[in-house]
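Remarks on the structure that follows.
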Amino acid sequence: MRIGIVYDLIRWEERALAEAAERLGHEVRLIQVTRDPLWLGYGNGLGDLDFVFQRCVSYYRAMASAMILEEEGVPVVNSYQVIAGTEDKLYTTLKLAKAGLPVPKTAVALSKEASLKAAEKLGYPLVVKPIYGSWGRMIARAMNEENLLEILEFREHMQSPHFKVHYLQEYVEKPGRDIRACYVWGEVPAAIYRVSERWKTNTALGAEAVAANLPDEIKELVRRAGDLVGGGVLGVDLVEKNGEPLILEINGIPQFKNVVRATGYDLAGKIIESTVSMFKR
Ligand SMILES: Nc1ncnc2c1ncn2[C@@H]1O[C@H](COP(=O)(O)OP(=O)(O)O)[C@@H](O)[C@H]1O
Ligand SMILES: [Mg+2]
């Protein structure tokens, strides 16, 4: 097959996907998305690709280029719809909760006053998150009302309007780790625990990645969550609350270097094989 990899900055994952695709006998085209303009409605010479992986670090670049390529008739993995839905924590949590999948208790408050009302119900500590973002960035924990007011003050003075959407969540007392599970077209081939002394267990913040053999019940939950947001290739984050899994978020352009390092599993190869067989049908 002819496989495109759309990227802005090339990272370990993009190289691993390109290498795996070539190893498995496919033709790979690397598409550096900031180099050339993308024409609307005239085609960009990519129509011969069987599909492309969307791998931009920047969400806005990912969205813009996914939309244009899909209109050009090239399937994008993940699709525009999946990237848009999963990047938005409000949307993802809403959909998961509505479908009855377990998530931490969460409210969205559109003012300081409404946030304080939500806090009365959630109790302290509680977690405040930006609806867009990753690597644990700008996520804060309020231990009491004084902390919450400080966090809200920062947020209310931020330039980007999305910071005025306050996503407030119960703080889950987890066992020194969370779970990152890899979802690939309906399967959960690899997972890690992210172990840290800090409460935010992102590997970007120094958590240690440890191979995890997830119980079937958690794998099934990850499958259902992935299917619900539209499938493809996803990274699903979960926390354990008294042993019960709760879904924190779903990453639509997942990094997976640490999963491969910790498990030794050829995830890039699996992603190529599964995606190729999806588009062969
Ligand atoms: N409600 C919560 N209770 C306890 N820990 C949390 C909660 N929400 C997030 N965390 C911690 O913060 C990390 C980052 O949160 P997450 O929702 O995955 O956002 P990001 O997109 O920044 O990774 C998680 O991996 C987890 O360790
Ligand atoms: Mg996360």
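Numbering (the working numbering), first residue to last: 160 to 440.
Beta carbons are placed, not taken as given, at the ideal position from N, Cα and C, and that holds for glycine.
- Fewer than three Cβ pairs drawn from the segment 337-346 and the segment 293-310 lie within less than 8 Å of each other, which leaves the two stretches out of contact.
- Relative to ligand 2, the beta carbon of Asn-410 is positioned inside 8 Å of a heavy atom.
- C-alpha of Val-392 to C-alpha of Glu-367: approximately 23 Å in a straight line.
- Boundaries of the beta strand (DSSP E) harbouring Thr-265: 265-268, taken from the DSSP string.
- A residue is called buried once 16 or more other Cβ atoms fall within 10 Å of its Cβ, and Pro-320, having fewer, is exposed.
- Counting only runs that start and end inside the segment 294-351, the beta strand (DSSP E) elements of at least 3 residues fall at 299-301, 325-329, 336-343.
- Note on the segment 208-232: whole alpha helix (DSSP H) runs with a minimum of 4 residues are 218-230, in chain order.
- At the C-beta level, Ile-406 and Ala-384 come within 9 Å of one another.
- In terms of Cβ geometry, Val-331 and Lys-400 form a close pair [threshold 9 Å].
- Measuring C-alpha to C-alpha distances from Ile-190 to each of Pro-284, Asn-203, Leu-255, Ala-340 identifies Asn-203 as the nearest.
- Arg-170 counts as exposed, since fewer than 16 other C-beta atoms from the protein chains shown sit within 10 angstroms of its C-beta.
- One alpha carbon belongs to Glu-432, the other to Arg-182, and they sit about 11 Å apart.
- Ile-351 has its CB no nearer than 8 Å to any heavy atom of ligand 1.
- Here the C-alpha atom of Lys-254 lies approximately 21 Å from the C-alpha atom of Phe-322.
- One alpha carbon belongs to Gly-423, the other to Gly-206, and they sit about 35 Å apart.
- In the three-state reduction of the DSSP assignment, Glu-356 falls in the coil class, being assigned neither a helical nor a strand state.
- With respect to Leu-285, Ala-301 sits close: the two C-beta atoms are nearer than 9 Å.
- Exposure of Asp-195 is indicated by the presence of fewer than 16 other C-beta atoms within 10 angstroms of its C-beta.
- Around Phe-438, the same chain offers Met-160, Asp-209, Phe-210, Pro-234 as residues with beta carbons nearer than 8 Å, after the five sequence neighbours per side are excluded.
- Beta-bridge analysis with DSSP links Gly-163 to Arg-188, Val-211.
- The Cβ neighbour count for Tyr-352, taken over all protein chains shown within 10 Å, is at least 16; the residue is labelled buried.
- Taken through DSSP and simplified to helix, strand or coil, Asn-361 comes out as coil.
- Within 10 angstroms of the beta-carbon of Ala-363 lie fewer than 16 other beta-carbons, which makes it exposed.
- Residue pairing of Asp-396 in beta bridges, as defined by DSSP: Arg-339, Glu-408.
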